[in-house]
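Inspection log for the structure reproduced underneath, given as structure tokens.
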Amino acid sequence: MVGLEDQVDHVNEQFVDRKRSQYQDMFSGFGEEDLALNSEQELAVYRNDVHNQVIAGAGTGKTFSLSCRVKYLVEEGISEDDILTLTFTRKAADEMEERLDDMFDITGVETSTLHSFGNRTLNEVDPTLVQIEDQSRLREAGQLIRTLRADNPEFRSHFESFLNIYAEENLSDDRDTRADFVDSLRYKSDTTLRGEEVESQFDEEQEVHTSIADWLFKHQLDYRYRQYAAWAGNPGNEAYIPDFTLPGQNICIEYIPSSSTRRRKRWYEQKPTAAEIAAIFEDTERTCIVIDGDEITPKQVTHYLAEQLSARGIEMEETLQGTELQDAVYEHNILEREVESHFAEFVKKAKTNQRDPREYLETLDEEADPELYHFSHAATRVLEAYNEQYEKYNAYDFVDMIVMATSAIESDEAGDMAEFKHVMVDEFQDLNLVQVEFIQALLDQHKDARLFAVGDDWQSIYGFKGARPDYFIDFEQHFPYDTKTELETNYRCPPSVVQAGNTLIQNNDAKTAKTVKANKSLETTPQVHLVPGSNDFQYKRNAINKLVQLVTKSLHTNPDREPSDIMVLARNEEGSPFIRDVTRELQKRDIEVGGSSGVEVTTAHQSKGKEAEHVVIANVACEMNDGFPPTGGDRNLTALVEVNTGSHFDEERRLFYVALTRAEKRLDIQSRTGQQSPFLGEIQDHTDLNSSGIDCTVHRTTVTVTVADEREAEPYWETRQVGEVVIDGEHSLNFAIDDDATNQPLLDAGTAYRLEGVRVGEYDGQPQLQIDQETTITSQP
């Protein structure tokens, strides 16, 4: 048998060698960088087993390889109509289409997202089916909760028992916490006070939608944002989703953007015209207020809306403001928005993982975990009602779409449109169960079908969406008769970053084996910056200052570097100050943020597929709910419908790997003194450590400080004076003068001092400067 395998391998090597000679000129000399297939990429392009797995490390040129694979197949006589390329995002599909056209003049290959192809499949099978956008799951869950709570005593009992526990655990009475929460919402231009995300990418619509929503909320008018209107009867076989619905008044509000914005929209993003909207409301008991962006500016919208509602006899309550507004916003988001999102997530995961929660309810123990017990019973009923409702609507959401498309393909209802000889899938590691079944259904439609699966389990970061990297890691078990090709040459990152990434991922239990190599010879070492803080407030203020300093220094010391060459990454957006405050501080310094020409300040998840010359990663710290990895935060309420796909800690490590490998030239990592992430310990051989302000690993140090504030201690504190100092003009830290240090003078606010031999102590687990009898204090001019 071994001899036969050797012969097969030899034949395959000869085959690849022939193809390499035949196509070498075709696949070289692309663009200004003179791109050409390397030896690893050539293997990926020319191999042609039944199932072809390409393990493409970060920055190894997978899109280029995919494009060349398509061209190779066409040159080998495969019709463009027989090739299907599936991606996860519209951006990736557009990039693939552009490359095929620009590089090879290929325009006939079906290049699509999974969901777009599934949608077209269902439209072919049943044109009367309507798709309801993904955000509607959240809105539908909220509506079903309200209905079931009013009509179903059993549901009401479980839901209210859960809500009482949830409020006890998650609702804070602290005024600062509430104020910070509201402030974080105001920072986001695409988010309403009720926490609804405006789905439009256009500034005009974001401004108008948020201003209308916030105005309605402040005037205490109950509204629904972008909720499916079943009463409209799907005009033109399309789901009708008005911008705003006032359920108590049978009024809808529609905003038609200005002509300039409409011209920038794709056809599928266009709203119905005013005439089409009027036709929808004709012969109904409902009315619609249509706001025309060509006639009314965004600043005039709420004034116009107030006039229109007043003309219809709608009386507005007194406007919420001050702490009353803060409380209303905070409590709505925690007790309604967050709760509805948990129920919507339960529905999504049950569908994605194909789990029927009714089979597992008996395994729950009310005494052991009353919150999970009551939530799971209530959520199971919401799931049942959700399925019943969508069947009644003759509609489907994103998850249903793939399940129903798979069924249509398996039953041959989809016909020829699902028959392809070559199915190519990008980001295979991010497929969930129903998507894997969809791919298998496509392969089963043609007896000679070939799968070309490109991915990197090291970058699988969507477990919370149901991603199943195990299908990629154990590829040969699910897709036999396979061949495996590793793309291990990284063209993006410096060697030190590549080596750090390799070392980091070796700590994961489940992974594909590969050693990524850097193509660059750039000599640079990632810098880890430790930032002190005697409490969370001090630390975050110090960290923001350090992050902004890194960006400004990067621009000032590199004249050719533009703001768009820099990326600042944080673990979380919600509940974290880093994205909001870094953005604000950079803008104060007239540094552009966002868009095509500004610094990109975003989350590690959103950075996937992107790169920048200089990457700065914020708060790579432990024991913080916005650190790497985060601790605390929301508990897992959807356990009943989840599938164990491996360690959550492993996924957090993969997310940190993604953040690291965005860097093209320079990488800075900011952490907290005394709370460094364990991930930093894993890559310490590939980084340099910088302590900002003071070195907390030493017993004593010498430092120049300015006293920010001071106060004499109370008798029972066992200290003479406490306060806060600023080190190097940027980092704040607490100080204390020992009770027995009677030889020391008390410090004056606003005065600078040199502290020689000051003890580096701690209070409540955080660093603090401790002035004792051995410290020498000298006033500075």
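Quick note: the sequence shown uses the numbering used here, first residue 408, plus one each step. We put the beta carbon where it would ideally sit given N, CA and C, even for glycine.
query: To the nearest angstrom, how far is it from the Cα of Arg-987 to the Cα of Ser-543?; result: 27 Å
query: Just how far apart, CA to CA, sit Phe-1035 and Met-974?; result: 17 Å
query: Applying the criterion that 16 or more other CB atoms from any shown protein chain within 10 Å of the CB defines a buried residue, is Asp-833 buried or exposed?; result: buried
query: Within 10 Å of its beta-carbon, does His-458 have 16 or more other beta-carbons around it, so buried, or fewer, so exposed?; result: buried
query: Closer than 8 Å is the cut-off here; do at least three beta carbon pairs connect the region 1144-1156 with the region 914-926?; result: no
query: Pairs of beta-carbons, one from the region 550-570 and one from the region 776-786, closer than 8 Å: are there three or more?; result: yes
query: Starting from Tyr-946, follow the alpha helix (DSSP H) in both directions and report where the run begins and ends.; result: 943-964
query: Kindly indicate which three-state DSSP category Asn-419 falls into: helix, strand or coil?; result: helix
query: Could you spell out where the beta strand (DSSP E) holding Ser-1186 opens and where it closes?; result: 1183-1187
query: Kindly provide the ranges of any beta strand (DSSP E) runs that are 3 or more residues long and lie completely inside the region 1018-1066, ordered along the chain.; result: 1019-1024
query: Answer with buried or exposed for Phe-569, where buried requires no fewer than 16 other C-beta atoms within 10 angstroms of its C-beta.; result: buried
query: Contact defined as beta carbons within less than 8 Å: I believe Thr-528 pairs with Ala-856. What is the distance between those atoms, to the nearest angstrom?; result: In fact, because the Cβ distance is near 16 Å, the residues do not count as touching under 8 Å.
query: Assuming Ser-446 is part of the alpha helix (DSSP H), what are its boundary residues?; result: 446-453
query: Does the region 890-903 touch the region 461-469, meaning 3 or more C-beta pairs lie closer than 8 Å?; result: yes
query: Since I believe Val-1165 is in contact with Thr-1182 (beta carbons under 8 Å), could you give me their beta-carbon distance rounded to a whole number of angstroms?; result: 5 Å
query: Would you grab the beta carbon distance between Ala-1028 and Arg-1079 for me? Rounded to a whole angstrom, and I think it's under 8 Å.; result: 4 Å
query: Assuming contact is defined by CB atoms lying nearer than 8 Å, are Ala-1070 and Cys-900 in contact in what I supplied?; result: yes
query: Give the range of the beta strand (DSSP E) segment to which Phe-1086 is assigned.; result: Taken as a continuous stretch (DSSP letters only), Phe-1086 belongs to no beta strand (DSSP E), being part of the alpha helix (DSSP H) at 1085-1089.
query: For Pro-664 and Lys-678, I'd like the C-alpha separation in whole angstroms.; result: 9 Å
query: On a CA-only basis, which of Val-1133, Asn-1032, His-853 is nearest Gly-1157? Give me that one, please.; result: Val-1133
query: What residues in its chain sit with their C-beta under 7 Å from that of Leu-1074, if we drop five residues either side in the sequence?; result: Val-904, Pro-933, Val-1022, Leu-1067
query: Give the C-beta separation of Arg-585 and Gln-733 to the nearest angstrom, bearing in mind that I take them to be a contact with Cβ-Cβ under 8 Å.; result: 5 Å
query: For Gln-538 versus Ala-646, is the C-beta distance shorter than 8 Å?; result: yes
query: Less than 7 Å between C-beta atoms, sequence neighbours within five positions excluded: which residues of the same chain meet that for Val-481?; result: Glu-487, Ile-513
query: Work out the CA separation of Lys-872 and Leu-716 for me, nearest whole Å.; result: 41 Å
query: Which one or two residues does DSSP pair with Val-938 in a beta bridge?; result: Arg-1079
query: Applying the criterion that 16 or more other CB atoms from any shown protein chain within 10 Å of the CB defines a buried residue, is Thr-1185 buried or exposed?; result: exposed
query: With DSSP as the reference, identify every bridge partner of Gln-695, one or two as the case may be.; result: It should be pointed out that residue 695 corresponds to Cys in this sequence rather than to Gln. Answer is Cys-659.
query: Just how far apart, CA to CA, sit Val-958 and Arg-948?; result: 16 Å
query: Select from Thr-691, Ile-660, Asp-699, Ile-687 the residue whose C-alpha is nearest the C-alpha of Ser-666.; result: Asp-699
query: Does the pairing of the region 816-826 with the region 852-867 give three or more beta-carbon distances under 8 Å?; result: yes
query: By the 10 Å Cβ neighbour count, where 16 or more other Cβ atoms means buried, how is Met-433 classified, buried or exposed?; result: exposed
query: Excluding the five sequence neighbours on either side, which residues of its own chain have a C-beta within less than 8 Å of the C-beta of Thr-1052, listed in chain order?; result: Gly-870, Ala-874, Arg-875, Pro-876, Asp-877
query: Apply the 10 Å Cβ neighbour rule to Glu-440 and answer buried if 16 or more other Cβ atoms are within range, or exposed otherwise.; result: exposed
query: Say whether the region 617-631 touches the region 720-734, bearing in mind that this needs 3 or more beta-carbon pairs closer than 8 Å, one atom from each stretch.; result: yes
query: Just to confirm, is the Cβ distance from Val-532 to Ala-802 under 8 Å?; result: no
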